[in-house]
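In my numbering, the protein residues as written are 25 to 305. Heads up, the beta-carbon is just placed ideally off N, CA and C, and yes, glycines get one too. Values in this document were obtained by computation on a predicted structure and should not be read as measured data. As structure tokens, the structure follows; a few thoughts come after it.
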């Protein structure tokens, strides 16, 4: 009972912080997800240490903060697009730094550090484009106010997680991917899909926006959110750990809470931008 209460309270606090930052301002969104990026990087590097590798912690954190900052500032329309080219030499810096480190697995260290930028920092930074950044013209009606995109995204993510957990616990019999995550079932997957689509439809009605587009977005979140969850499970299983960290009591680490978001966000943002491009043809 105590564990359930702890899990519930930490989960509600987590949801409150996310929703509060979204409604407050674009700057609070940027700050919250910058903090999430830093903690997620720390957890990822710690996992790699457990696996016997030594990624560039300091260099990775500095590069990650810089890359996140560049993308966030561009989402505010404070930086022109060409300034994002700075990201490429930053990745090269990671390779150069390894020259001055006497480590057993230099290629693996470089690979995991660069991977952390692509796997963690860029997806979390992309969330800034959901808030206060308008990739649409008037022909594409997806939101009623400036924070609806990001709020809708997370509501659908949480609906999917809740549906997958409840249906999986009550009806789960057929394993989804037993080799990587024995607890995940097809019943949970389709339960999450059902609740996510329902949440998307209700959100579109509440915000007077496109039911079709939000339904498509919910399917993208279910598919790629599940794949993101499986990827993190594979990483943890290969290392022999249960959770990525202990940041959230009853939930594990930051990566455990954002594993689905890391995959879903880039695909949903791409869908947003494709809608914009299609509407201009």
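In this structure, residue 118 and residue 134 form a Cβ contact; the two beta carbons are roughly 6 Å apart against a cut-off of 8 Å. Pairing residue 90 with residue 115 gives a Cβ-Cβ distance that is not under 8 Å. With fewer than 16 other Cβ atoms inside 10 Å of its own Cβ, residue 106 counts as exposed.
Restricting attention to 54, 41 and 60, the CA atom closest to the CA of residue 277 is found in 60. The continuous beta strand (DSSP E) containing residue 200 extends over residues 199-201. Counting the other CB atoms within 10 Å of its CB gives residue 184 a total of 16 or more, which places it among the buried residues. In this structure the segment 265-272 does not touch the segment 213-231; the number of beta carbon pairs closer than 8 Å is below three. By the Cβ-count criterion, residue 237 is buried, with 16 or more other Cβ atoms from all chains shown falling within 10 Å of its own Cβ. Contact between residue 65 and residue 93 fails: their C-beta atoms lie close to 14 Å from each other, not under 8 Å.
In the assembly as shown, residue 150 is a buried residue. Its beta-carbon has 16 or more other beta-carbons within 10 Å. Under the three-state reduction of DSSP output, residue 208 falls in the strand class. Around the beta carbon of residue 146, a 10 Å sphere encloses 16 or more other beta carbons of the protein chains shown; the residue is thus reported as buried. By the Cβ criterion, the segment 251-265 is in contact with the segment 69-85, since at least three pairs of Cβ atoms, one from each stretch, lie closer than 8 Å. Taking every protein chain shown into account, the CB of residue 235 has fewer than 16 other CB atoms within 10 angstroms, so this residue is exposed. Shown here, residue 276 sits in a strand according to DSSP, grouped into three states. Comparing alpha-carbon positions, the option among 111, 108 and 79 lying closest to residue 127 turns out to be 79. The distance from the Cβ of residue 67 to that of residue 279 is about 5 Å, consistent with a contact at the 8 Å cut-off.
Residue 193 is classed as exposed because its beta carbon has fewer than 16 other beta carbons within 10 Å across all chains shown. In the DSSP assignment, residue 70 falls within the alpha helix (DSSP H) that extends over 50-74. By the Cβ rule, the segment 243-255 counts as touching the segment 174-190, because three or more pairs are nearer than 8 Å. Residue 224 places its beta carbon 8 Å or farther from that of residue 46.
In this structure residue 62 touches residue 85 by the C-beta definition: roughly 7 Å separates them, less than 8 Å.
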